[in-house]
Amino acid sequence: MNPVLGQTGLLRMGLCFMDTIQNIHDEIDRQTAPIENIHADRLQCRRGCCACCIDDLTVFDVEAEPIRRHYPELLTRGTPHPPGACAFLDNHGGCR
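To get the working numbering, take the position in the sequence shown, counting from 1, and add 16.
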């Protein structure tokens, strides 16, 4: 523990950092929306189209924290997914 910041200071820094990451994600979404709109007719992702949604991936802590933040119930009470499938797929191949 940092003696200057203490535990509360570290918590605030962590939350501030995650808010900054979320702001970056939001800005990327905003900047890429026109490209998505231009190519919308060629984007094939839809409910049930989940062959590329696999669990053979790892995430960094900075990627895992928003998952922990936004999906605590799914992480603690979610039903197991088929082996090899993304943990966030529901029984119909949709993203939960």
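Every residue gets a Cβ at the ideal spot worked out from N, C-alpha and C, and that includes glycine. Quick caveat: nothing in here was measured; it's all calculated off a predicted structure.
With DSSP as the reference, label residue i as helix, strand or coil.
{"i": "CYS102", "result": "coil"}
{"i": "CYS66", "result": "coil"}
{"i": "CYS61", "result": "coil"}
{"i": "THR92", "result": "helix"}
{"i": "MET34", "result": "helix"}
{"i": "HIS41", "result": "helix"}
{"i": "ASN7", "result": "Here the chain has residues from 17 to 112 only, and residue 7 is not among them."}
Once the 5 residues before and after residue i are set aside, which same chain residues still bring their CB inside 7 Å of it?
{"i": "VAL20", "result": "Confidence at VAL20 is low in this model, with a pLDDT of 43, below 50, so its placement is unreliable and no value can be given for it."}
Just to confirm, are residue i and residue j a CB contact at a threshold of 8 Å?
{"i": "ALA101", "j": "ASP72", "result": "no"}
{"i": "LEU105", "j": "HIS97", "result": "yes"}
{"i": "PRO88", "j": "MET34", "result": "no"}
{"i": "ILE37", "j": "VAL75", "result": "no"}
Between residue i and the rest of its own chain, which residues show a CB-CB distance below 6 Å, the 5 nearest in sequence each way excluded?
{"i": "GLN47", "result": "none"}
How far does the alpha helix (DSSP H) with residue i in it reach, from first residue to last?
{"i": "THR74", "result": "Here THR74 belongs to no alpha helix (DSSP H), and DSSP marks it neither H nor E."}
{"i": "ARG112", "result": "ARG112 -> no alpha helix (DSSP H), and no H or E assigned at all."}
Going by beta carbon distance, what residues of the same chain come within less than 8 Å of residue i, once the five residues before and after it are set aside?
{"i": "ALA80", "result": "none"}
{"i": "GLU52", "result": "LEU59"}
Quiz item: Does the segment 101-111 come within contact of the segment 47-67, defined as at least 3 CB pairs closer than 8 Å?
Solution: Note that the segment 101-111 touches the segment 47-67; at least 3 beta-carbon pairs, one per stretch, sit closer than 8 Å.
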